[in-house]
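Step one of this worksheet: look at the structure below.
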Amino acid sequence: PGGGHPFPPFGEVVPGRPTAFASPEEHHALFGLLREARAIVSKTGGGTLVDSLESATPLVMLEPFGSHERRNAELWERLGCGVMYERWERSGFSAELLVGLHRNLMDVRKSGRDYIQSRISG
28 PGGGHPFPPF GEVVPGRPTA FASPEEHHAL FGLLREARAI VSKTGGGTLV
78 DSLESATPLV MLEPFGSHER RNAELWERLG CGVMYERWER SGFSAELLVG
128 LHRNLMDVRK SGRDYIQSRI SG
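Set out below in structure tokens:
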């Protein structure tokens, strides 16, 4: 719609009703859930990091797959935006730890620069 690139719709299958396909135009359908979650438990793919940053939802990181995900996990841990699952487990699944990571994500979001604007401005 409007020349944009809509997100692929998710389908809801309910017995006795036609399958309903819908997706918000401003973000993928799961993003609304991510914004309300205490944490994202996932591998450290690029899309997961973007979702974590954009929603300011801490990432509880599962064992990375490949060197690229390992580097992503190291970055997220160094920035204080995520924690390896094993470390979170050792903390007793601390909610306070997640709150700290959320605050760090909020700070990182504020400090980010607009890459496109910086390229336009020179």
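So in the numbering used here the end of the sequence shown lands on 149, straight run, no missing numbers.
Backbone N, C-alpha and C fix where the C-beta goes; we use that ideal spot for every residue, glycine too.
With fewer than 16 other beta carbons inside 10 angstroms of its own, Asp141 counts as exposed. Counting only runs that start and end inside the region 71 to 114, the alpha helix (DSSP H) elements of at least 4 residues fall at 73 to 82 and 93 to 105.
Per DSSP, Ser138 is one residue of the alpha helix (DSSP H) stretching across Ala122 to Ser138. When DSSP reads this structure, Glu39 sits in a beta bridge with Ala47. Assigned with DSSP and collapsed to three states, Ser118 falls in coil, not helix or strand. If you draw a straight line from the Cα of Glu63 to the Cα of Arg130, it comes to about 15 Å. Taking the C-beta atoms as reference points, Leu102 is found no nearer than 8 Å to Val135. Here Ile143 is exposed, its C-beta having fewer than 16 other C-beta atoms within 10 Å.
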